[in-house]
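Trainee: I'd like to ask some things about the structure below.
Residue numbers (our numbering): 2 to 213.
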């Protein structure tokens with residue numbers, strides 16, 4: 002199902018709402034996998050990841066990034082692995098790297114990831130996420146597995162954008178992407194929102210329709 006990662010998970014995206022207080026981009030082509038340490042192998046797994054990617058696996062719900070790869074702590078000995086490299090080749094090589102130490106499940110076609118930001122992003126997310134995303138509490142690198150408008154999701158905070166506004170990424174099951182979008186666009190409407198092209202980040206100023 003890795004080939005699905007190249008296609009939009011949305012059936013349609015409507016006209017941007019004037020104002021531009023919020024931006025959203027759907028990542029496409031990501032390699033996504035879930036990883037769980039096998040019994041008695043957590044320390045060996047941590048050492049292998051540190052040696053290979055120069056990062057330490059999160060010990061709590063948090064986000065770390067290394068060369069072409071990111072890890073999001075989901076729970077005890079459990080992580081979401083995200084890479085911008087080719088989904089098929091990444092999964093095969095990564096599974097070989099951690100074989101015997103972790104169980105890996107390819108989720109490249111099962112999950113979708115959105116990046117959201119803008120001056121009003123926290124006010125928008127507060128309408129659906131039942132967690133405190135204030136900058137004093139949910140800091141850069143923090144993550145949480147939660148719900149948004151009754152949809153299971155994992156959210157993590159990246160480094161702030163160049164203009165100082167907060168930037169978040171949200172992963173959820175691909176089959177719920179349209180429901181998430183319907184909620185997000187309605188929640189952001191009062192602030193104004195802009196859809197960004199997943200390839201070059203440019204704002205698309207017209208109706209965008211894609212097939213999942």
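Even for Gly, the Cβ is constructed at its ideal location relative to N, Cα and C.
Let me confirm a value: residue 27 is counted as buried when at least 16 other C-beta atoms fall within 10 Å, else exposed. Which label applies?
Mentor: buried
Trainee: If you count every other CB in all the chains shown that lies within 10 Å of the CB of residue 133, and 16 or more means buried, which is it?
Mentor: It counts as exposed.
Trainee: Sort out for me which residues DSSP pairs residue 105 with in a bridge.
Mentor: 36
Trainee: Taking the alpha-carbon positions, what's the residue 61 to residue 144 distance?
Mentor: 8 Å
Trainee: Skipping 5 residues on each side, what residues in its chain have a beta carbon closer than 6 Å to that of residue 91?
Mentor: 32 and 84, listed in sequence order.
Trainee: Mind checking residue 161: buried by the 16 CB within 10 Å criterion, or exposed?
Mentor: exposed
Trainee: For my contact list, residue 174 and residue 76 are in at a C-beta cut-off of 8 Å; report their separation, rounded to the angstrom.
Mentor: Their Cβ separation, rounded to whole angstroms, is 17 Å, which puts residue 174 and residue 76 out of contact at 8 Å.
Trainee: With a cut-off of 8 Å, do at least 3 Cβ pairs link the stretch 29-43 to the stretch 93-101?
Mentor: yes
Trainee: Look up residue 116 in the DSSP assignment and give the residues it is bridged to.
Mentor: 26 and 170
Trainee: Quick check for students: name the residue ranges of the alpha helix (DSSP H) that lie wholly in the stretch 27-100, counting only runs of 4 or more.
Mentor: 43-54 and 88-99
Trainee: Under DSSP, the alpha helix (DSSP H) around residue 122 begins and ends at which residues?
Mentor: 122-126
Trainee: I'd like the list of long-range same chain contacts for residue 108, defined as Cβ closer than 7 Å, with 5 residues on each side in sequence excluded.
Mentor: Here the set comprises 33, 34 and 35.
Trainee: My guess is that residue 167 and residue 136 are in contact by the Cβ rule of under 8 Å, so how many angstroms apart are they, rounded?
Mentor: 7 Å
Trainee: Could you round the C-beta distance between residue 194 and residue 23 to whole angstroms and report it? I think they count as a contact, below 8 Å.
Mentor: 4 Å
Trainee: Which whole runs of the beta strand (DSSP E) in the stretch 139-165 are 3 residues long or more, in chain order?
Mentor: 144-149 and 152-158
Trainee: Helix or strand or just coil, what does DSSP make of residue 190?
Mentor: coil
Trainee: Is the beta carbon of residue 129 less than 8 Å from the beta carbon of residue 196?
Mentor: Contact flag unset, no.
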